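Chains as they are written, first to last, in the numbering used here: chain B, 2 to 190; chain Z, 2 to 190. Worksheet: one structure, shown below.
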DNA sequence: GTCTATAGGGGGATAGAC
DNA sequence: GTCTATCCCCCTATAGAC
């Protein structure tokens, strides 16, 4: 009763967990296969190379984000949008996981070219959404209009990526919550 | 004419570059040996295991930081201390490198136990310095006393770690500068 | 301190049968 | 779609000569 791409989906889900737990180079096709009760050659059937798997993972993140962002369109509140967005990173931190940007980013120097490009595209997509959200919030008086919009956007992106990482290193998700609390305090009017 | 531990030092320096460029698992003892014109067995003479090398790297970071922090004692200005501290992360971003926390942090799930502990100790050392610096700055009226001190500290740590990473991913060090500019704007009175 | 040589295990990837 | 079998490479680490 399996759908055609059930295995493919299962591979992606396992790979995502490994990625966020210990990085892209932390897992092998053999690991994925063993977890799913198949052989590594079968994983290669779905993803011809690890590069292809990395690209697929990143495209998945981007599509998920875009779907979510579309669902929030016309929410009418920049503050509510950002709070909801932060919830995702908070949940990562609680599980001791980090975001895709941080996971791939640390190994950037040895990522295949196409993976690098997809990673850049993902970050760009998120950056544009944050920027637009802050801009709309400034106009509505919900977001402090201190400093340049691009600088404010950069701080938000840095804080979420760094927040999940320091939470994991210190072993306490609370530190991510703390960083996000202060971020809201300096952003919101 | 080499000092006794010249090779050891050279190994550490090469390893640091690999680490900040592509992570702890990105380089092997063979890589280090080849770069230095020796054999991998000789690297093992200086560092019996990769775990030992990781620990030595982190202890080096911590000692460097502590020396630097001691040199700034009684500088009299929290703003000046933080600006100087941010210069380090700015320089990493310009080289396309990330900080040790980000480099080790992404692979946290598969780091040897002692490396994890040293990483925690390094972050804790830095966290305490940031906290104390912000606290002193608040008393002197240099730092905004908005919100909890611990939340403010967490945001600063998250921003520097995340800032260097997004700079590398986007390929532009400017985004780290932007994040740090806004960080100063929201911290300084 | 550095070497040669090697053990013992994983890694990505492919060919070809079923 | 999944399998067996395999290639060829890299990895960490060690033994023992020099």
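For every residue, glycine included, the Cβ atom is placed at its ideal position computed from N, Cα and C. Just so it is clear, the structure is predicted and the values come from calculations on it, not from any experiment.
To the nearest whole angstrom, what separates the beta carbons of residue 120/B and residue 59/B, a pair I think is in contact under 8 Å? 6 Å
Just to make sure I have the definition right: I need the residues of chain B whose C-beta is within less than 9 Å of the C-beta of residue 99/Z. Which are they? Here the neighbours are 106, 107, 109.
Alpha carbon of residue 95/B to alpha carbon of residue 14/B, nearest angstrom: 19 Å
Same chain, Cβ closer than 7 Å to residue 190/Z, neighbours up to 5 away in sequence not counted: 142, 143, 144, 145
Can you tell me which of 108/B, 137/B, 179/B puts its alpha carbon nearest to the alpha carbon of residue 78/B? For the residues 108/B, 137/B, 179/B, the minimum Cα distance to residue 78/B belongs to 137/B.
Out of 26/Z, 37/Z, 20/Z, state which residue places its alpha-carbon closest to the alpha-carbon of residue 10/Z. Across the set 26/Z, 37/Z, 20/Z, the C-alpha of 37/Z shows the shortest separation from the C-alpha of residue 10/Z.
Among 111/Z, 166/Z, 64/Z, 133/Z, the one whose alpha carbon lies nearest that of residue 51/Z: 111/Z
How do the region 153-168 of chain B and the region 85-104 of chain B stand: do at least 3 beta-carbon pairs fall below 8 Å, yes or no? With the cut-off at 8 Å, the region 153-168 of chain B and the region 85-104 of chain B touch.
Counting only C-beta atoms, is residue 67/Z closer than 7 Å to chain B at any point? no
In angstroms with no decimal places, state the Cα-to-Cα distance between residue 173/Z and residue 124/Z. 26 Å
Using the beta-carbon count (16 or more within 10 Å), is residue 218/Z buried or exposed? Because chain Z spans 2 through 190 in this model, residue 218/Z falls outside it and cannot be assessed.
Which of helix, strand or coil does DSSP assign to residue 189/B? strand
Short Cβ contact (7 Å threshold) for residue 183/B with residue 166/Z: In terms of Cβ geometry, residue 183/B and residue 166/Z do not form a close pair [threshold 7 Å].
In the DSSP assignment, find the unbroken alpha helix (DSSP H) run with residue 121/B in it and report its ends. Start and end: 114-141.
Unbroken stretches of the alpha helix (DSSP H), 4 residues or longer, contained in the region 30-77 of chain Z: 30-37, 41-47, 51-73
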